[in-house]
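In my numbering, the protein residues as written are 339 to 539. Virtual Cβ for every residue (Gly too), placed ideally from N, Cα, C.
Right under this line is the structure:
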């Protein structure tokens, strides 16, 4: 799903010299392109940004489930330059943020936690986080397995998630969202789907 992401109270955390560098595993290249912190994440699936007058478009939000936590957004690029095809399963087990005290944090399924939100009275107060900073009109996407409806033998409809295939020369570029204790300092990011790659901060 392609999303236009709106972050409230965004604070940049992309200070490590390893942010933006690619690290190579046996099959995949992985980069942490950005790391941001926020108390609230808002987004719309509309192609029209609400600040452009699209006041009737759906808007969604998530906030930390604990008042002592914050949301951390990690922009991840995963590319396959080696294998004919690579299977990437993007779920809670696909990545981890690790702190300096053996704390390990898994990404959350943004779609499952989304709540309806009202458009702020001052849209200009919100921050647009594009995939390409040089093209701020570009949309971004959350990295997660796509969900499909499948009819079971008994006729019931079941929603299933499927891993993504990356043919050689292709990749994924999007945001993963983590809920962590406020002001946590991170030691590394671990990618573990289709390959194992650790990015030290």
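- In this structure, residue 356 lies away from residue 428, with their beta-carbon atoms at least 9 Å apart.
- The Cβ atoms of residue 515 and residue 448 sit closer than 9 Å to each other.
- Rounded to whole angstroms, residue 500 and residue 488 show a C-alpha spacing of 11 Å.
- The three-state reading of DSSP puts residue 405 in coil, since its state is none of H, G, I, E or B.
- For residue 410, the secondary structure class from DSSP, reduced to helix, strand or coil, is strand.
- In the DSSP assignment, residue 504 falls within the unbroken beta strand (DSSP E) covering 502 to 505.
- Distance from the CA of residue 522 to the CA of residue 364, rounded to the nearest whole angstrom, comes to 30 Å.
- In this structure, residue 366 places its C-beta atom within 9 Å of the C-beta atom of residue 418.
- Closest by C-alpha distance to residue 525, out of 493, 536, 510, 498, is 536.
- With contacts defined as CB atoms closer than 9 Å, residue 400 and residue 452 qualify as a contacting pair.
- Less than 9 Å separates the beta-carbon of residue 510 from that of residue 414.
- In this structure, the CA atom of residue 362 is about 12 Å from the CA atom of residue 532.
- Apart from sequence neighbours up to five positions away, the residues of its chain that approach residue 407 with a beta-carbon distance below 8 Å are 517, 518, 519, 520, ordered along the chain.
- Measuring C-alpha to C-alpha distances from residue 507 to each of 358, 420, 368 identifies 420 as the nearest.
- In terms of Cβ geometry, residue 436 and residue 446 do not form a close pair [threshold 9 Å].
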